[in-house]
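Scroll down for the structure; my scribbles are underneath it.
Protein chains: 2
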Amino acid sequence: MCELLGMSANVPTDICFSFKGLKERGGRTGPHRDGWGVAFYEGKGVCTFKDALPSYESEIARLVSDYPIKSCAVIAHIRQANRGRVSLQNTHPFTRELWGRYWTYAHNGQLHDYKDLPVDRFQPVGTTDSERAFCYLMSELDKRYPTKPRSRRLAFRFLQKQAQTLQKLGVFNMMLTDGEYLLTYCTTKLHWITRRAPFGIARLSDVDVDIDFSRETTQKDVVTIIATEPLTLNEQWHKMEAGESQLFRDGEPI
Amino acid sequence: MCELLGMSANVPTDICFSFKGLKERGGRTGPHRDGWGVAFYEGKGVCTFKDALPSYESEIARLVSDYPIKSCAVIAHIRQANRGRVSLQNTHPFTRELWGRYWTYAHNGQLHDYKDLPVDRFQPVGTTDSERAFCYLMSELDKRYPTKPRSRRLAFRFLQKQAQTLQKLGVFNMMLTDGEYLLTYCTTKLHWITRRAPFGIARLSDVDVDIDFSRETTQKDVVTIIATEPLTLNEQWHKMEAGESQLFRDGEPI
Numbered sequence: 001m002c003e004l005l006g007m008s009a010n011v012p013t014d015i016c017f018s019f020k021g022l023k024e025r026g027g028r029t030g031p032h033r034d035g036w037g038v039a040f041y042e043g044k045g046v047c048t049f050k051d052a053l054p055s056y057e058s059e060i061a062r063l064v065s066d067y068p069i070k071s072c073a074v075i076a077h078i079r080q081a082n083r084g085r086v087s088l089q090n091t092h093p094f095t096r097e098l099w100g101r102y103w104t105y106a107h108n109g110q111l112h113d114y115k116d117l118p119v120d121r122f123q124p125v126g127t128t129d130s131e132r133a134f135c136y137l138m139s140e141l142d143k144r145y146p147t148k149p150r151s152r153r154l155a156f157r158f159l160q161k162q163a164q165t166l167q168k169l170g171v172f173n174m175m176l177t178d179g180e181y182l183l184t185y186c187t188t189k190l191h192w193i194t195r196r197a198p199f200g201i202a203r204l205s206d207v208d209v210d211i212d213f214s215r216e217t218t219q220k221d222v223v224t225i226i227a228t229e230p231l232t233l234n235e236q237w238h239k240m241e242a243g244e245s246q247l248f249r250d251g252e253p254i
Numbered sequence: 255m256c257e258l259l260g261m262s263a264n265v266p267t268d269i270c271f272s273f274k275g276l277k278e279r280g281g282r283t284g285p286h287r288d289g290w291g292v293a294f295y296e297g298k299g300v301c302t303f304k305d306a307l308p309s310y311e312s313e314i315a316r317l318v319s320d321y322p323i324k325s326c327a328v329i330a331h332i333r334q335a336n337r338g339r340v341s342l343q344n345t346h347p348f349t350r351e352l353w354g355r356y357w358t359y360a361h362n363g364q365l366h367d368y369k370d371l372p373v374d375r376f377q378p379v380g381t382t383d384s385e386r387a388f389c390y391l392m393s394e395l396d397k398r399y400p401t402k403p404r405s406r407r408l409a410f411r412f413l414q415k416q417a418q419t420l421q422k423l424g425v426f427n428m429m430l431t432d433g434e435y436l437l438t439y440c441t442t443k444l445h446w447i448t449r450r451a452p453f454g455i456a457r458l459s460d461v462d463v464d465i466d467f468s469r470e471t472t473q474k475d476v477v478t479i480i481a482t483e484p485l486t487l488n489e490q491w492h493k494m495e496a497g498e499s500q501l502f503r504d505g506e507p508i
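Heads up: the protein sequence lines correspond to chains W and U, in order. When we follow the working numbering, the leftmost residue of the first sequence carries the number 1, and every step to the right adds one. When we follow the working numbering, the leftmost residue of the second sequence carries the number 255, and every step to the right adds one.
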């Protein structure tokens, strides 16, 4: 299996604190040694760092955890391979362009009978069940809306329905963003927390690091963090239920 | 204008030495302050680092120039903006998927009347002439070969012809790779050099750095570096002519 991490925020915010916790699970406090990746949006642009090495040992992951890249939408993933060998082509997150926007996705779980999922013009590059499921979602979206719908929120509502089809094929915890909206879907494990004023101190569970968010934020900041397992010890995370889906925008669940 | 850097090699090779030279031109020895990016292939997978900051001041560029990421196909770019504001979405290189492969491209130059270039299903995300020209190339390729042709070399020959159309719109120096082949097209400035045994010492022109390639390579290594302007002082680079195109694979011009 794998672990997911996502962020939605109403002001550009760095994910160093949360990523520091996740990175430890990629080889030290967790078994997810088979690659890692993280995508940061700046407006419509996206920059994705990825590496087939364990995040705990990766120089690039060290940079990402120390260097504050500010973003309103982030998706990260650490991998424990099941379908598809350990390689860059099989490392999440995956990105495709549709309607002049980049769509980025990561998956935790395992699907059966995924090879027959129709993908049309969105072809997988690697051999994972995850990327094929992403290409299926993008293809279905493209077929349903050959031109951009009047609201992208409609597109995400459509994707939520398609995710219900995919969960029939196995475990399908996932995140998908276009840089503005961030969609989550849970079949077994996914947690989220929304932080807003008054901000307090948070303590990572995987490494001895505290942060006082009141020093890093303004009164207006709203930041949601989504993760497979809660990353902090002293906060209350929402546990998502099987079949539950949640859409976020500007840090708020909508 | 901008500067380009590319590499084609027959064994995974790092580009630290050449990138060190290019990075200086992004704000110190050159005026290309408006962002930079570099894409590394590992097999069919690709990892792209990019930043809207000057490469000379970028923490991420520092990592890329010090940390040996081994690849057989690399495309890098430093930007001096003309069309399209300074932002991540307008930062090269750009990537799209076709036939289950990632295609990556960067451009140096300036085009007029580019807004009418047909792009069909490959839509630009940013507002540069460069990305629109890339989307045009990918669209034309997709129209010509709705399914993967028997040889990708045919696809690159077709792209060479399409580049001739684009050069009628202005300055069009570019590089395009699928991770295996690397295509270059020159209308004003592009140079390349193929290094093979016996390897010697090379000296960067933009910063006081030497390298003895005989210590870094084996007798069988073949590595071609392509750059807008030669990056070393003591080697003979091939200067490309206006309208000249060259395809590389495994480090060799073909």
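C-beta atoms are modelled at their ideal positions from N, C-alpha and C, and glycine is treated no differently.
Indicate the three-state DSSP secondary structure (helix, strand or coil) for residue i in the structure shown.
i, result
"Ala-496 (chain U)", "coil"
"Gly-291 (chain U)", "strand"
"Asn-173 (chain W)", "strand"
"Thr-349 (chain U)", "strand"
"Ala-451 (chain U)", "coil"
"Thr-184 (chain W)", "strand"
"Ile-15 (chain W)", "coil"
"Gly-21 (chain W)", "helix"
"Arg-375 (chain U)", "coil"
"Ala-202 (chain W)", "strand"
"Lys-161 (chain W)", "helix"
"Glu-131 (chain W)", "helix"
"Tyr-102 (chain W)", "strand"
"Ile-314 (chain U)", "helix"
"Lys-50 (chain W)", "strand"
"Asp-210 (chain W)", "strand"
"Ser-325 (chain U)", "strand"
"Asn-344 (chain U)", "helix"
What's the C-alpha gap between residue i and residue j?
i, j, result
"Ser-8 (chain W)", "Phe-248 (chain W)", "7 angstroms"
"Lys-402 (chain U)", "Val-207 (chain W)", "48 angstroms"
"Gly-511 (chain U)", "Lys-23 (chain W)", "What is shown of chain U runs 255 to 508, which leaves residue 511 (chain U) out entirely."
"Thr-419 (chain U)", "Pro-253 (chain W)", "48 angstroms"
"Ser-312 (chain U)", "Leu-258 (chain U)", "18 angstroms"
"Arg-196 (chain W)", "Pro-54 (chain W)", "32 angstroms"
"Gln-219 (chain W)", "Trp-237 (chain W)", "21 angstroms"
"Pro-484 (chain U)", "Leu-430 (chain U)", "19 angstroms"
"Thr-232 (chain W)", "Trp-192 (chain W)", "11 angstroms"
"Glu-241 (chain W)", "Thr-188 (chain W)", "7 angstroms"
"Ile-15 (chain W)", "Gly-243 (chain W)", "27 angstroms"
"Thr-478 (chain U)", "His-361 (chain U)", "19 angstroms"
"Ala-163 (chain W)", "Ile-480 (chain U)", "45 angstroms"
"Arg-85 (chain W)", "Thr-127 (chain W)", "8 angstroms"
"Tyr-291 (chain W)", "Pro-68 (chain W)", "No statement about residue 291 (chain W) is possible, as the shown extent of chain W runs from 1 to 254 and does not include it."
"Gly-26 (chain W)", "Ala-52 (chain W)", "11 angstroms"
"Asn-90 (chain W)", "Arg-355 (chain U)", "13 angstroms"
"Ser-272 (chain U)", "Glu-235 (chain W)", "48 angstroms"
"Gly-251 (chain W)", "Arg-457 (chain U)", "50 angstroms"
"Lys-44 (chain W)", "Trp-99 (chain W)", "12 angstroms"
"Asn-427 (chain U)", "Gly-433 (chain U)", "19 angstroms"
"Thr-48 (chain W)", "Gln-421 (chain U)", "31 angstroms"
Run through the DSSP bridge pairs and tell me what residue i is partnered with.
i, result
"Lys-402 (chain U)", "DSSP lists no partner for Lys-402 (chain U)."
"Ala-76 (chain W)", "W:Leu-5, W:Val-38"
"Gln-364 (chain U)", "U:Val-425"
"Leu-520 (chain U)", "Since the first residue shown for chain U is 255 and the last is 508, residue 520 (chain U) is missing from the structure and cannot be characterised."
"Gly-45 (chain W)", "W:Glu-42"
"His-445 (chain U)", "U:Ala-481, U:Lys-493"
"Arg-249 (chain W)", "W:Tyr-181, W:Glu-252"
"Gly-338 (chain U)", "According to DSSP, which records beta bridges pairwise, Gly-338 (chain U) is partnered with nothing at all."
"Gly-26 (chain W)", "W:Pro-31"
Is there a Cβ from chain B that is less than 9 angstroms from the Cβ of residue i?
i, result
"Arg-350 (chain U)", "No chain B is part of this structure, whose protein chains are labelled W and U."
(request) For the stretch 353 to 386 of chain U, enumerate the residues whose C-beta is nearer than 9 angstroms to any C-beta of chain W, in chain order. (result) From the stretch 353 to 386 of chain U, only Trp-353, Gly-354, Arg-355, Tyr-356, Arg-375, Phe-376, Gln-377, Pro-378, Val-379, Gly-380 have a Cβ closer than 9 angstroms to chain W.
(request) Indicate whether the contact test is met: 3 or more Cβ pairs, each with one atom in the stretch 311 to 325 of chain U and one in the stretch 362 to 378 of chain U, closer than 8 angstroms. (result) The answer is no - the stretch 362 to 378 of chain U does not touch the stretch 311 to 325 of chain U, with fewer than three Cβ pairs under 8 angstroms.
(message) Three or more C-beta pairs under 8 angstroms: does that hold for the stretch 323 to 332 of chain U against the stretch 393 to 409 of chain U?
(response) Contact annotation: the stretch 323 to 332 of chain U does not touch the stretch 393 to 409 of chain U, with fewer than three C-beta pairs closer than 8 angstroms.
(message) Beta carbons nearer than 8 angstroms to chain W: which residues of the stretch 332 to 344 of chain U have them?
(response) Flagged, chain order: Ser-341, Leu-342, Gln-343, Asn-344.
(message) Check whether the stretch 87 to 97 of chain W and the stretch 155 to 163 of chain W are in contact - that is, three or more C-beta pairs closer than 8 angstroms.
(response) Using a C-beta cut-off of 8 angstroms, the stretch 87 to 97 of chain W makes no contact with the stretch 155 to 163 of chain W, since fewer than three inter-stretch Cβ pairs fall below that distance.
(request) Flag this pair as touching only if the stretch 209 to 217 of chain W and the stretch 186 to 200 of chain W have three or more C-beta atom pairs under 8 angstroms; answer yes or no. (result) The stretch 209 to 217 of chain W and the stretch 186 to 200 of chain W touch, with no fewer than 3 CB-CB distances between them shorter than 8 angstroms.
(message) By the 9 angstroms beta-carbon criterion, what residues does the stretch 28 to 57 of chain W contribute toward chain U?
(response) Residues of the stretch 28 to 57 of chain W that bring their beta carbon within less than 9 angstroms of a beta carbon in chain U comprise Gly-37, Phe-40, Tyr-41, Glu-42, Gly-43, Lys-44, Gly-45, Val-46, Cys-47, Thr-48, Phe-49, Lys-50, Asp-51, Ala-52, in sequence order.
(request) Could you list the residues in the stretch 394 to 422 of chain U with a C-beta less than 7 angstroms from some C-beta on chain W, going in chain order? (result) Residues passing the 7 angstroms Cβ filter: none.
(request) Taking only beta carbons into account, state which residues of the stretch 189 to 203 of chain W come closer than 9 angstroms to chain U, listed in chain order. (result) Taking 9 angstroms as the Cβ-Cβ cut-off against chain U, none of the residues of the stretch 189 to 203 of chain W qualify.
(message) Please identify, using Cβ separations under 7 angstroms, the residues of the stretch 62 to 76 of chain W that lie next to chain U, in order along the chain.
(response) Correct list: Leu-63, Tyr-67.
(request) Using a Cβ-Cβ cut-off of less than 7 angstroms, list which residues of the stretch 5 to 28 of chain W approach chain U; keep chain order. (result) Within the stretch 5 to 28 of chain W, no residue qualifies.
(request) Pull out every residue of the stretch 464 to 480 of chain U whose Cβ sits closer than 8 angstroms to any Cβ of chain W, in chain order. (result) Listed by position, the residues of the stretch 464 to 480 of chain U near chain W (Cβ gap below 8 angstroms) amount to none.
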